[in-house]
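Asks: Questions regarding the structure given below will be posed in turn.
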Amino acid sequence: MADEQKMPIPAKIDDVNEFMKERVGVGVSFDVGHRTLIILKKKVEIYYTTGLADAEVVQRVLSKLMSINDDERNTNKVSEIIENRLVHMQVKRTESIDDCVDQFLSGLIVVFMDGCDFAFVVDTRSYPGRQPEEPDTEKVIRGPRDGYTENIIINTALTRRRIRDERLRLEMMQVGERSKTDICIAYIEDVADPNLVKLIKKELKEIEIDGLPMSDKSVEEYLVKQGNRPFPLVRYTERPDIGAVHLFEGHVLIIVDTSPSVIITPATYFSHLQHAEEYRESPAPGTFIRWVRLTGIFVSLFLLPFWYLITVHPELLPQSIDFIGPNKDDGHIPLFLQILLADLGIEFLRLAAIHTPTPLSTAMGLIAAVLIGEIAINVGLFTPEVILYVAISAVGSFVTPSFELSVSNKITRIFFLVATAIFGVPGFVISITLAILILVGTKSLNTPYMWPFIPFNLKALLEIAYRTPVPLTKYRPSITNSPDKTRAPNS
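Okay, so the sequence shown: first residue is 1 according to UniProt numbering, each after it adds one.
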């Protein structure tokens with residue numbers, strides 16, 4: 001809503017009460033709190049939302065205001081006296097009743113005074129939710145155990161705690177005509193690319209929708225306009241230390257209220273391959289962990305289609321390793337269908353484990369792994385080699401740091417497999433080439449998705465292959481276009 005369209009606060013307090021009754025449902029919605037006070041012969045109305053406002057702070061504010069009648073006698077400066085008695089960290093004056101509604105529905109107290117065309121807004125937010133704890137998907141052996149939560153206030157505090165720079169900016173805006181979802185754009189002013197910050201603000205302000213019930217995912221779809229491309233164009237994290245690292249590199253974080261996942265922009269394909277554990281170890285072990293992880297991702301993508309290719313075309317194998325491949329007498333189902341069914345079966349088990357209560361998920365896993373797998377082999381549904389290679393590919397998917405990328409890789413793997421089954425060797429080569437071309441042509445917020453491979457940057461590519469010691473990382477990644485390119489002031 002533009003400023004010129006916002007309704008001013010009526011000077012008559014009865015008009016204010018009538019507006020709040022019609023607009024907000026005072027007296028209808030049980031969680032809308034309303035108190036009327038007479039302070040120095042002037043009527044004062046206080047509105048707040050129970051459950052979103054801190055009850056102790058609300059009581060303290062009411063107590064301070066009611067004590068004015070005992071301490072003051074000057075009835076000509078009621079508004080100044082009330083403002084001075086609102087002893088709280090954040091108190092601001094507003095002249096728009098629309099702003100008052102938005103603020104009080106976000107958990108703030110709004111104080112209206114008869115005869116005044118302005119109101120005081122007191123920040124008393126205390127959102128219900130859990131305390132910071134280690135994220136399940138980004139666990140580390142060493143390092144902090146706190147993580148982002150569904151509370152945007154806690155999330156910004158966790159970020160500010162790690163970056164005590166006066167140039168860290170946490171800009172808040174609301175998106176959604178009805179939901180009015182709080183979204184915070186976090187960046188370091190002289191480190192982040194100003195054009196990127198402007199682009200993100202522009203995209204967020206242009207969102208026109210009644211609500212964002214899926215919070216961060218809905219914001220992502222408006223922000224990067226992914227379309228039907230399977231590859232993730234933003235990175236998510238639930239760890240404040242990872243968020244802080246990316247802010248120092250020149251990235252911009254988007255924190256959405258009610259979501260424990262923070263969006264990191266811009267993101268490339270290779271940024272999804274890194275994990276905090278690599279930086280919690282010294283360079284040599286960190287590099288080893290990274291290479292193990294990269295090998296697992298490579299295996300999850302190419303093992304199944306390649307194994308199928310050399311199995312149906314054994315002439316491609318050198319004589320020394322021609323033992324690879326199932327016994328041609330085993331099984332009655334075509335090999336392609338065996339692989340596809342086994343691969344989809346693992347997805348069935350994964351989804352079932354997610355939606356199964358924890359005490360039952362262990363038993364379900366044992367039943368699936370032992371009974372179903374063993375019986376499927378005994379009855380000839382699958383050959384043992386199919387189970388082996390599908391399981392190896394599945395483990396490779398699980399070592400992928402980004403869940404979004406692991407799902408994208410599964411889709412890509414099935415695409416490779418289908419193309420290989422239909423067209424043989426040309427299908428295998430063409431499908432891989434097509435996937436690479438799609439990746440090369442993809443951009444995330446005007447950022448090349450395959451950087452530093454394309455456009456080629458040898459130094460950045462080596463830093464992906466090798467976990468560089470922190471004292472040697474004197475420059476920020478060139479992909480962020482940071483105005484301040486050096487991380488070491490004297491370098």
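No residue lacks a Cβ here, since even glycine has one placed at the ideal position from N, Cα and C. Please read these numbers as outputs of a predicted model, since none were measured by experiment.
From what residue to what residue does the beta strand (DSSP E) around histidine 34 run?
Replies: Segment 32-39, the beta strand (DSSP E) holding histidine 34.
Asks: Where does leucine 437 land, buried or exposed, given buried means 16+ other C-beta within 10 angstroms?
Replies: Per the 10 Å Cβ criterion, exposed.
Asks: Starting from the C-beta of serine 271, find all residues in its chain whose C-beta is less than 6 Å away, skip the five residues before and the five after it, and write them out in chain order.
Replies: So the qualifying residues of the chain are Arg235.
Asks: What first and last residue would you give for the beta strand (DSSP E) that runs through valine 386?
Replies: Looking at the DSSP string, valine 386 is not in any beta strand (DSSP E); the run it does join, the alpha helix (DSSP H), is 384-398.
Asks: Once you ignore the five residues that flank valine 24 on each side, which residues in its own chain have a CB closer than 7 Å to its CB?
Replies: Taken in chain order, the residues that qualify are Val32 and Val101.
Asks: With 16 other CB atoms within 10 Å as the buried threshold, where does threonine 149 fall?
Replies: By the neighbour-count rule (16 or more Cβ atoms within 10 Å), threonine 149 is buried.
Asks: For the beta strand (DSSP E) holding tyrosine 148, just list the boundary residues, first then last.
Replies: Segment: none, tyrosine 148 is in no beta strand (DSSP E) and carries neither H nor E.
Asks: Taking the alpha carbon of glutamate 203 as the reference point, which residue from Ile183, Ala488 and Lys12 has its own alpha carbon closest?
Replies: Closest option to glutamate 203, Cα to Cα, is Ile183.
Asks: So the candidates are Pro230, Gly427 and Lys92; which of them puts its Cα closest to the Cα of arginine 411?
Replies: The question names arginine, yet the displayed sequence has isoleucine at residue 411. Among Pro230, Gly427 and Lys92, the Cα nearest to that of isoleucine 411 is on Pro230.
Asks: Where alanine 2 and threonine 181 are concerned, what is the direct C-alpha to C-alpha distance, given to the nearest angstrom?
Replies: Low confidence applies here, because alanine 2 scores a pLDDT of 43, under 50, leaving its location unreliable; read the following figure in that light. Going by the C-alpha atoms only, they are around 17 Å apart.
Asks: What number of angstroms, rounded off, separates the C-alpha of phenylalanine 19 from the C-alpha of lysine 12?
Replies: The alpha-carbon atoms of phenylalanine 19 and lysine 12 are separated by roughly 11 Å.
Asks: Would you call arginine 413 buried or exposed, if buried means 16 or more other Cβ atoms sit within 10 Å of its Cβ?
Replies: Arginine 413 comes out buried.
Asks: Out of Ser282, Cys116 and Phe382, which one is the CA nearest neighbour of arginine 467?
Replies: Taking only the C-alpha atoms, the option nearest arginine 467 is Ser282.
Asks: Short of 7 Å in beta carbon distance, which residues of its chain neighbour alanine 488, apart from the five on each side in sequence? Order them along the chain.
Replies: Closer than 7 Å at the Cβ level, and outside the excluded window around alanine 488, lie Lys474.
Asks: Near glutamate 4, what residues of its chain come up, given a Cβ to Cβ distance below 6 Å and the 5 sequence neighbours on each side ignored?
Replies: Below a pLDDT of 50, predicted positions are generally treated as unreliable, and glutamate 4, at 49, falls in that range; the measurement from the model is reported next regardless. No residues qualify anywhere along the chain.
Asks: Just reading off the alpha helix (DSSP H) that residue 508 is part of, what are its end residues?
Replies: The question about residue 508 has no answer here: the residues shown for the chain are numbered 1 through 491.
Asks: Using only the alpha-carbon positions, how far apart do phenylalanine 415 and lysine 198 sit?
Replies: Cα to Cα, phenylalanine 415 sits roughly 37 Å from lysine 198.
Asks: If you compare alpha carbons, which of Asp210, Tyr222, Val191 and Leu212 is closest to lysine 201?
Replies: The shortest Cα separation from lysine 201 among Asp210, Tyr222, Val191 and Leu212 belongs to Tyr222.
Asks: Going by C-alpha to C-alpha distance, which of Pro455, Leu388, Glu133 and Phe428 sits closest to glycine 441?
Replies: Closest by alpha carbon: Pro455.
Asks: Sort Glu347, His313 and Leu273 by Cα distance to leucine 335 and report the nearest one.
Replies: Among Glu347, His313 and Leu273, the Cα nearest to that of leucine 335 is on His313.
Asks: Using alpha carbons as the reference points, say which of Thr356, Pro401 and Leu341 lies closest to isoleucine 387.
Replies: Closest option to isoleucine 387, Cα to Cα, is Leu341.
Asks: So, helix, strand or coil for glutamate 4, using DSSP?
Replies: Interpretation of glutamate 4 is limited by its pLDDT of 49, a score under 50 that renders its predicted location unreliable; the figure taken from the coordinates is listed afterwards. Correct three-state label for glutamate 4: helix.
Asks: Work out the CA separation of valine 111 and tyrosine 47 for me, nearest whole Å.
Replies: Those two C-alpha atoms are separated by around 7 Å.
Asks: Do you know whose CA, among Gln274, Gly211, Thr480 and Asn228, lies nearest threonine 237's CA?
Replies: Answer by Cα proximity: Gln274.
Asks: List the DSSP bridge partners of methionine 66.
Replies: BP columns for methionine 66 are empty, so no partner.
Asks: Between isoleucine 254 and glutamate 404, what straight-line distance do the alpha-carbon atoms span, to the nearest angstrom?
Replies: Roughly 17 Å between the two C-alpha positions.
Asks: For isoleucine 375, is the classification buried or exposed, using 16 other Cβ atoms within 10 angstroms of its Cβ as the cut-off for buried?
Replies: Exposed, because fewer than 16 other Cβ atoms sit within 10 Å of the Cβ of isoleucine 375.
Asks: Give a yes or no on whether the C-beta atoms belonging to proline 135 and proline 232 are separated by under 9 Å.
Replies: No; because the gap between Cβ atoms is not below 9 Å, this pair is not in contact.
Asks: Using CA atoms only, rank isn't needed, just tell me which of Glu385, His246 and Ile109 is closest to threonine 94.
Replies: Looking at the Cα atoms, Ile109 is the closest of the given residues.
Asks: In its own chain, which residues sit with a C-beta less than 7 Å from the C-beta of isoleucine 207, not counting the 5 before and 5 after it?
Replies: Here the set comprises Val175 and Tyr222.
Asks: The beta strand (DSSP E) that contains phenylalanine 120, what's its start and end?
Replies: 119-122 is the span of the beta strand (DSSP E), which, as asked, contains phenylalanine 120.
Asks: Which residue's Cα is closest to the Cα of arginine 160: Thr486, Asp70, Asp241 and Asp257?
Replies: Of the listed residues, the one whose Cα sits closest to arginine 160 is Asp241.
Asks: Between which residues of its own chain and aspartate 117 is the CB-CB distance below 7 Å, once the five residues before and five after are set aside?
Replies: So the qualifying residues of the chain are Pro8, Ile9, Ala11 and Glu95.
Asks: Just curious, the alpha helix (DSSP H) that threonine 287 is in, first and last residue?
Replies: Element bounds for threonine 287: 283-312.
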